[in-house]
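>
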Amino acid sequence: MTASRVLVLNSGSSSVKYQLLDMTDRSRLAVGLVERIGEETSKLAHEPLTGPGAAGGRRERLGPIADHGAALRAVAAELAADGLGLDSPELAAVGHRVVHGGTRFTQPTVIDDEVLAEIRSLIPLAPLHNPANVTGIEVARSLRADIPQVAVFDTAFHSTMPEYAARYAIDAATADKYSIRRYGFHGTSHAYVSRATAALLGKAPSDVNVIVLHLGNGASASAVRGGVCVETSMGMTPLEGLVMGTRSGDLDPAVVFHLARVGGLSVDEIDSLLNKKSGLLGLCGDNDMREVQRRAEEGDSSAQLALASYVHRLKKYVGAYSAVLGRVDAVVFTAGVGENSSWIREAAVEGLEELGLALDPEANAVRSREPRLVSAEYARVAVAVVPTDEELEIATQAYALVTR
Ligand code: ADP
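Mapped onto the numbering used here, the consecutive letters of the sequence shown carry residue numbers 529 to 932.
Okay, here's the thing in C-alpha cells:
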C-alpha cells in the first residue's frame with residue numbers, strides 16, 4: 529500500500545483551516561476549521577466526509593484552545609475518532625500554505641531546518657501571515673517528524689513575472705536592500721483557476737491567455753500568458769490592487785505621508801486603517817459583499833458608491849491586463865464574490881464589448897459549483913466562472929513533490 533493521503537494546513541494568526549485528502553481519487557476525507565485560537569471562545573468545527581464518522585456529519589467543539597499546538601492536537605484527535613488519524617501509514621505528506629516565499633521559493637518545497645529558517649526570515653515581508661505559517665509547520669513536524677512537510681507558497685505562481693513588471697520604479701539599490709518588489713499573492717488559486725479555465729476551453733494551458741479575477745475578501749487579478757503569470761495586482765504585500773473587503777487596494781503612496789504628517793497617525797495606525805478598515809468596509813461600513821449588495825438594492829447611497837468603486841477598479845484591471853496580454857482568450861471569475869455574485873460579474877463586464885467581452889445573462893444567472901462559461905455566444909473572449917480549490921491545489925503540488 530502506498531501512502532496517498534495529504535493533510536493540508538492553512539494556519540492563520542488565530543485560526544487553522546484543514547483538509548485531509550486522498551490523492552488516489554482527489555477525494556476529501558475530512559475538512560474543518562479551528563477559530564479564535566488563544567481565546568476563551570475557541571471553536572473547532574470538524575466534518576468527516578468518509579468512514580464511520582461521516583454519517584454523523586459536522587461536529588463542533590467549543591471551549592478554550594490555547595495555541596496552535598493545542599489546535600492541531602485537537603484536530604488530530606477528531607481525525608483519529610473517525611479512523612483517519614495522523615499516525616496512519618497512509619499519510620504521505622502535510623501540505624502547508626505559506627503566504628510569503630520571497631524571491632527564494634518559487635516551487636513547492638520540502639521543509640527542513642534550513643527552509644524553515646528561511647521562511648522565518650521572510651516574516652518582515654509578511655508580518656501578519658508567515659509567523660502563523662511557521663507555527664503550523666513546527667507543530668505538524670512535532671506530530672509527524674517522519675513524513676515530509678511541504679510548503680506551498682502563495683507567491684510562487686507569480687515568480688515568473690518579468691522583471692519590468694515585478695520592479696517598482698524606485699531607487700534600485702533601496703529596493704534591493706529591503707526586498708521591495710511585486711511578489712503577488714493568491715498564487716495557488718491563480719494557478720489552479722487558470723489551468724482549469726484552459727481545460728474548460730478544451731485547450732492546453734500553454735495555448736491560452738487568461739485574466740483571472742480572484743474576488744474573495746481579499747481580491748487580486750492576474751494576467752496569465754500560456755500558463756505563465758506575467759502580471760498580478762497584489763504587490764509587495766496583499767494591500768495593492770483591487771478594492772477588497774477591508775483593504776484599500778491602489779492608493780497614492782503620498783496618502784501615507786499625509787496621514788502621518790497632517791493626521792498624526794502612527795505607522796501601525798495607518799497599516800491598520802488601510803488593511804483592516806478600508807475597501808468596501810471603509811467606503812460603506814460593510815465588508816461582506818452580500819450585505820453591500822443588499823443595501824445598494826435598497827437604495828443606500830454609500831453602498832452604491834462602494835459597489836461602483838469596486839467595479840470601476842475591476843474594469844481598470846481588465847482593460848490593463850488586456851493590453852498586457854495583447855490577446856485574451858478568457859476572463860475568469862473565482863472565489864466567494866466571483867463565484868457567487870452574478871451582479872458583480874455583469875457589472876464588471878458591462879460596456880467592455882470593444883475588448884471582446886459580453887455575457888449571456890441566463891448563463892450568468894445560473895448558480896453552480898461547476899466550472900462554466902457565462903459569455904455570450906458571439907463574444908470574442910470567453911467569460912468563465914471557475915470555483916477555486918486552493919486546498920486541492922496545495923495537496924496536488926505537495927503529493928507530486930513527495931511521490932516523484
Ligand atoms: P476569503 O478571501 O476569506 O477566502 P471568500 O473567497 O470566501 O473569502 O469570499 C468571501 C466573500 O464572498 C464575502 O465578501 C462574501 O460576501 C462573498 N460572497 C459569498 N457568497 C456571495 C453571494 N451569494 N453573493 C455575493 N457575494 C458573496
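Note that beta-carbon positions come from the ideal geometry of N, C-alpha and C, so glycine has one too. Computed from a prediction, not measured in an experiment: that's the story for all the values here.
(1) Can you give me the Cβ contacts of R855 inside the same chain, cut-off strictly under 8 angstroms, excluding the 5 residues immediately before and after it?
(2) Using the C-alpha atoms, what's the distance from A660 back to I565?
(3) Just to confirm, is the Cβ distance from L901 to L842 under 8 angstroms?
(4) Comparing the CB of M817 with every heavy atom of the ligand ADP, is any distance shorter than 7 angstroms?
(5) Work out the CA separation of S543 and V603 for me, nearest whole Å.
(6) Between V758 and A693, is the Cβ-Cβ spacing less than 8 angstroms?
(7) With a threshold of 7 angstroms (Cβ to nearest heavy atom), would A654 be considered close to the ligand ADP?
(8) What number of angstroms, rounded off, separates the C-alpha of E882 from the C-alpha of V790?
(9) Name, in chain order, the residues that DSSP records as bridge partners for T862.
(10) Which first and last residues belong to the alpha helix (DSSP H) in which L767 is found?
(11) Looking only at C-alpha atoms, which of E867, S532, G763, A824 sits nearest to P617?
(12) Around the Cβ of G807, are there at least 16 other Cβ atoms within 10 angstroms (buried) or fewer (exposed)?
(13) Verify whether the separation of the beta carbon atoms of A726 and A732 is less than 8 angstroms.
(14) Which residue marks the beginning of the beta strand (DSSP E) containing T683, and which one marks its end?
(15) Would you please verify whether the beta carbon of L808 is less than 8 angstroms from any beta carbon of chain C?
(16) For the alpha helix (DSSP H) containing L548, name the first residue and the last one.
(17) Assuming G866 and L743 make a contact with CB atoms under 8 angstroms, what is their CB distance in whole Å?
(18) How close, in whole Å, do the beta carbons of L614 and L671 come, if the pair is a contact with beta carbons under 8 angstroms?
(19) Looking at the structure shown, is K750 part of a helix, part of a strand, or coil, going by DSSP?
(20) Determine, using beta-carbon pairs with one atom in the stretch 587-604 and one in the stretch 637-653, whether at least three such pairs fall under 8 angstroms.
(21) For V839 and D674, I'd like the C-alpha separation in whole angstroms.
(22) Per DSSP, L535 forms a beta bridge with which residues?
Here's the rundown:
(1) Here residue 855 corresponds to residue number 327 of the sequence shown, with the count starting at 1. Around R855: N737.
(2) As a working mapping, residue 565 is identified with position 37 in the sequence shown. As a working mapping, residue 660 is identified with position 132 in the sequence shown. If you draw a straight line from the Cα of I565 to the Cα of A660, it comes to about 11 angstroms.
(3) Position 373 of the sequence shown holds residue 901. Position 314 of the sequence shown holds residue 842. No.
(4) Taking the sequence shown and counting its residues from 1, one reaches residue 817 at position 289. Answer for M817: yes, Cβ within range of the ligand ADP.
(5) Here residue 603 refers to the residue found at position 75 of the sequence shown. Here residue 543 refers to the residue found at position 15 of the sequence shown. In this structure, the straight-line span from the alpha carbon of V603 to that of S543 is close to 12 angstroms.
(6) As a first step, residue 758 is located in the sequence shown; it is residue number 230 there, counting from the start. As a first step, residue 693 is located in the sequence shown; it is residue number 165 there, counting from the start. Yes, the pair counts as a contact, with Cβ atoms nearer than the cut-off.
(7) As a working note, residue 654 is residue 126 in the sequence shown. For A654, the CB stays at least 7 angstroms from every heavy atom of the ligand ADP.
(8) For the purposes of this step, residue 882 is identified with residue 354 of the sequence shown, where counting begins at 1. For the purposes of this step, residue 790 is identified with residue 262 of the sequence shown, where counting begins at 1. Those two C-alpha atoms are separated by around 44 angstroms.
(9) The residue given as residue 862 occupies position 334 in the sequence shown. Residue pairing by DSSP places T862 opposite H742 in a beta bridge.
(10) Indexing the sequence shown from 1 puts residue 767 at position 239. Note, L767: premise wrong, no alpha helix (DSSP H); not H, not E.
(11) In the sequence shown, counting from the first residue as 1, residue 617 sits at position 89. The shortest C-alpha separation from P617 is found at S532.
(12) Translated into positions along the sequence shown, residue 807 becomes position 279. Buried, by the Cβ-count rule.
(13) Numbered from its first residue, the sequence shown carries residue 726 at position 198. Numbered from its first residue, the sequence shown carries residue 732 at position 204. Their beta carbons are under 8 angstroms apart, which means A726 touches A732 by this criterion.
(14) As a position in the sequence shown, residue 683 is number 155, starting the count at 1. Looking at the DSSP string, T683 is not in any beta strand (DSSP E), and its letter there is neither H nor E.
(15) Looking at the structure shown, chain C is missing, and only one protein chain is on hand.
(16) Stepping through the sequence shown from its first residue, residue 548 is reached at position 20. Segment 544-550 is the beta strand (DSSP E) holding L548; no alpha helix (DSSP H) there.
(17) Counting from one through the sequence shown, the residue named residue 866 turns up at place 338. Counting from one through the sequence shown, the residue named residue 743 turns up at place 215. The Cβ separation is near 4 angstroms, so the contact holds.
(18) Along the sequence shown, read from residue 1 onward, the residue named residue 614 stands at position 86. Along the sequence shown, read from residue 1 onward, the residue named residue 671 stands at position 143. That pair is a contact at about 6 angstroms.
(19) Taking the sequence shown and counting its residues from 1, the one referred to as residue 750 is at position 222. Note on identity: in this sequence residue 750 is Ser, with Lys being the wrong assignment. Correct three-state label for S750: strand.
(20) Contact between the stretch 587-604 and the stretch 637-653 is absent, with fewer than three C-beta pairs closer than 8 angstroms.
(21) Position 311 of the sequence shown, counting from 1, holds the residue named residue 839. Position 146 of the sequence shown, counting from 1, holds the residue named residue 674. Distance between V839 and D674, taken at the CA atoms: about 49 angstroms.
(22) The residue given as residue 535 occupies position 7 in the sequence shown. L535 is bridged to L548, V622.
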